[in-house]
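Peer 1: The listed protein sequences correspond, in order, to chains S and Y. Residues in the first sequence are numbered consecutively from 2, following this note's numbering. Residues in the second sequence are numbered consecutively from 102, following this note's numbering.
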Amino acid sequence: MYQKSIQAFFRKKTTYLHLAIIIIALAISIITFCIKDYIGNWIELQMEGKDYLKTMVLNAMNEEKQKQIDEAAKEIEKIKYVEEVRKKYLNNISEEHYMYLVTVDNWKHIDYVKKQVDDMGYILGGGKDAFEIQINSAQYIQKFASFVNLFLNILTTIILLLFSINLLKDEKADNMVLKAIGYTNGEIWKIMLVKIIIFVIIAYILSQMIALLLAPIIDTLLFNYGIENYKDYMLNNWNIKPFAYVSLIIFTLGIILYLQINKIKYISDRT
Amino acid sequence: MVKIRVENAWKEYKKKSEIVQALKNVNVEFEAGKIYAIIGRSGSGKSTLLYNIGLMDTLTKGSIYFNEKNVSQLNDKEKSRLRMKEIGFIFQGFNLNKNLKVNENILLPMFINEKYTKEKRKEKVRALLEMLDIGDKANRFPRELSGGEEQRVAIARALANEPEVILADEPTGNLDEENEKIIFEILKKLSLGGKCVIVVSHNPEIKEYADKIFEMNNGELSKNLY
Ligand SMILES: Nc1ncnc2c1ncn2[C@@H]1O[C@H](COP(=O)(O)OP(=O)(O)O)[C@@H](O)[C@H]1O
Ligand SMILES: [Mg+2]
């Protein structure tokens, strides 16, 4: 039942044109996703064990301000993500002179806590500042990859949707004939869906291969920014997320097709 | 011997705000072994009647009986199986799948018919092509055929599951006189072989072949004209 319809589908030139477009879009989508994901892991790895990055300093500028920061410290303790606020005496100057060390649970929350304290009118120093320069370009690349990835995901979804609509239009007469010769709406739907699933899976496998083939080139590019081992990551990890995304698209298309297939009647010759 | 009865058939289409009454209380009977012609102006509802008889659409009101069994209320699956076993459609535009070869087009209806084994299917295709005098075209694509040949392939496809009823919507609309004659001859032969053939046609020639002629006028079906 499926074989001839699938054969007919893959005898069409447009099928291959569409396949090429989808493969390119999906490949870029997969590559940007992997870059985004890998840099995230890489930054984590760089931060690992460097607990001192999570601690910031609240200092009094002069003697008069000393009392005020006691109040501030109490407030800071209530801020979300703050794990500990500790008083530290600077013995070498005087017994009266101290500062507060503010520790957050995770370096990712440093910016958030700094912002809150800033809003209170105080400044937290230190923390990952020293380290930030190192990961700055990595974070920049990660943001760029995320943006391209999001854009490509939307684009891929739209392209697939357009192809499906096009396929429905293109095969309207054929589907009407299938109905006339006794196929049920459900069978016609299954035939359409199997075609799309095969199409998308071929596109996915080929774009995944392109992503792997391009890994050495991207590895070199990232290496220039001090980010290493992208290639190893690509070769050793199979990311499930792009596949899950593709499956979700197929699922959605399946529902849309189902609603459309039930509308097949006949084509009046005069339109 | 199949018998089809259309009873108080009404069909309306909703086009945006406008409602079109395509069939207005149509009552008619069709029997096996005869060829029926439905003539009438464009837009008078001929196709609508034909496709409702063929269970491709649902009447707004009224019933269709196959051998005294009311089939209007069947579900999609039951209607589909009835179409497969009992009805062969022939269209003005042939509607062959242009990406399938001639024999593959004819095989299409047989895949869902459990009465055929793989061997029997092949045999049937060969027999049909022989019968319709296009035995040498089995491995061609539709674009390599003439219009008359394409329509004969379409007839072969309609006959693949050996239906009792043949419904043809302007089957010669895209053909020249010579091919038109060939197609009408084939339809006549099928009716003589016991099938119930209903042909919608503009073509005056059909009068020479038809046993009964009806005229559609604005959704209403006239009594037998000849
Ligand atoms: N799917 C449809 N939707 C809306 N109106 C339709 C549809 N099919 C046919 N009609 C209308 O129903 C009337 C009868 O059409 P049709 O049966 O195709 O006529 P004929 O075959 O005699 O030319 C026409 O007015 C046509 O515009
Ligand atoms: Mg018509």
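All C-beta atoms in this analysis are idealised placements derived from N, C-alpha and C, irrespective of residue type, glycine included. Note that the coordinates shown come from a computational prediction; the quantities given were computed from them, not determined experimentally.
If you draw a straight line from the alpha carbon of S164/Y to that of K289/Y, how long is it in whole angstroms?
Peer 2: Reading the second sequence from its first residue, position 63 is the one you call residue 164/Y. Reading the second sequence from its first residue, position 188 is the one you call residue 289/Y. Straight-line Cα distance between these residues: approximately 28 Å.
Peer 1: Cα-Cα, which of K112/Y, E271/Y and Q174/Y is closest to H303/Y?
Peer 2: Translated into positions along the second sequence, residue 303/Y becomes position 202. Among K112/Y, E271/Y and Q174/Y, the Cα nearest to that of H303/Y belongs to E271/Y.
Peer 1: Anything in chain S within Cβ reach of S181/Y, meaning under 7 Å, just list it in chain order.
Peer 2: Your numbering for residue 181/Y matches position 80 in the second sequence. Near S181/Y (Cβ distances below 7 Å), the residues of chain S are G183, Y184 and T185.
Peer 1: Do you know offhand how far L150/Y's Cα is from K173/S's?
Peer 2: Along the second sequence, read from residue 1 onward, the residue named residue 150/Y stands at position 49. Along the first sequence, read from residue 1 onward, the residue named residue 173/S stands at position 172. In a straight line, the C-alpha of L150/Y is about 21 Å away from that of K173/S.
Peer 1: Grouping DSSP H, G and I as helix and E and B as strand, with all else coil, what is L233/Y?
Peer 2: The residue given as residue 233/Y occupies position 132 in the second sequence. Per DSSP, reduced to three states, the secondary structure at L233/Y is coil, with no helix or strand assignment.
Peer 1: Would a check of beta-carbon distances place M210/S closer than 8 Å to chain Y?
Peer 2: Working through the first sequence from its first residue, we reach residue 210/S at position 209. No, M210/S does not count as interfacial toward chain Y.
Peer 1: Residues of chain Y with CB under 8 Å from A174/S, in chain order?
Peer 2: Translated into the one-based positions of the first sequence, residue 174/S becomes position 173. Under the 8 Å cutoff, chain Y gives G194 and N196.
Peer 1: Please say whether I32/S and L215/S have beta carbons closer to each other than 8 Å?
Peer 2: Along the first sequence, one-based indexing puts residue 215/S at 214. Along the first sequence, one-based indexing puts residue 32/S at 31. Yes.
Peer 1: Mind checking who D270/Y pairs with in its DSSP beta bridge?
Peer 2: Residue mapping note: residue 270/Y aligns to position 169 of the second sequence, counting from 1. Per DSSP, V301/Y.
Peer 1: Which runs of the alpha helix (DSSP H), 4 residues or longer, sit entirely within the region 175-261 of chain Y?
Peer 2: 177-187, 203-208, 219-232 and 248-260
Peer 1: Starting from A123/Y, trace the beta strand (DSSP E) both ways and give me its first and last residue.
Peer 2: Residue mapping note: residue 123/Y aligns to position 22 of the second sequence, counting from 1. Element bounds for A123/Y: E119 to E132.
Peer 1: Excluding the 5 residues preceding and the 5 following E281/Y in the sequence, name in chain order all residues of the same chain whose CB lies nearer than 7 Å to its CB.
Peer 2: Within the second sequence, residue 281/Y is the residue found at index 180, counting from 1. Excluding sequence neighbours, E281/Y sits near T273, N304 and E306.
Peer 1: Can you check which of these residues, I139/Y, T159/Y, G141/Y and S143/Y, is closest to W111/Y by C-alpha distance?
Peer 2: Your numbering for residue 111/Y matches position 10 in the second sequence. Ranking the options by Cα distance to W111/Y, first place goes to T159/Y.
Peer 1: Could you tell me if W43/S is buried or exposed, where buried requires 16 or more neighbouring beta carbons within 10 angstroms of its beta carbon?
Peer 2: For this step, residue 43/S is matched to residue 42 along the first sequence. The residue is buried, with at least 16 neighbouring Cβ atoms inside 10 Å.
Peer 1: Can you list, in chain order, the residues of its chain whose CB lies under 8 Å from that of I284/Y, leaving out five sequence neighbours each side?
Peer 2: As a working mapping, residue 284/Y is identified with position 183 in the second sequence. Hits under 8 Å: G249, Q252, R253, I256, P272, T273 and L276.
Peer 1: Between I197/S, L156/S, Y123/S and Y39/S, which lies nearest to D233/S when the distance is taken from Cα to Cα?
Peer 2: As a working mapping, residue 233/S is identified with position 232 in the first sequence. Per the Cα distances, Y39/S.
Peer 1: Using the beta-carbon of each residue, which ones in chain S are nearer than 7 Å to K178/Y?
Peer 2: Position 77 of the second sequence, counted from the first residue, corresponds to residue 178/Y. Near K178/Y (Cβ distances below 7 Å), the residues of chain S are T185.
Peer 1: Is there a C-beta anywhere in chain S that falls below 8 Å from the one on M329/Y?
Peer 2: With chain Y running from 102 to 327 in the structure shown, residue 329/Y is simply not present.
Peer 1: Determine contact between the region 197-211 of chain Y and the region 219-238 of chain Y, defined as no fewer than three beta-carbon pairs at a distance below 8 Å.
Peer 2: yes
Peer 1: What residues in its chain sit with their C-beta under 6 Å from that of F192/Y, if we drop five residues either side in the sequence?
Peer 2: In the second sequence, the residue the question calls residue 192/Y occupies position 91. Once the five neighbours on either side are set aside, the close Cβ partners of F192/Y are D270.
Peer 1: Under the criterion of a Cβ to heavy atom distance below 7 Å, does D270/Y qualify as lining ligand 2?
Peer 2: Position 169 of the second sequence holds residue 270/Y. Answer for D270/Y: yes, Cβ within range of ligand 2.
Peer 1: Output yes if chain Y places a C-beta closer than 8 Å to the C-beta of K180/S; else output no.
Peer 2: Here the question's residue 180/S lines up with position 179 in the first sequence. Using a Cβ-Cβ cut-off of 8 Å, K180/S counts as an interface residue toward chain Y, since at least one Cβ of chain Y sits closer than that to its own.
Peer 1: Report all residues from its chain with a CB closer than 7 Å to the CB of N214/Y; omit the five preceding and five following residues, and keep chain order.
Peer 2: Looking up residue 214/Y in the second sequence gives position 113. Around N214/Y: M185 and N262.
Peer 1: A123/Y: beta carbon under 7 Å from a heavy atom of ligand 1?
Peer 2: To locate residue 123/Y, count along the second sequence from 1; it is residue 22. Checking the Cβ of A123/Y against ligand 1 gives yes.
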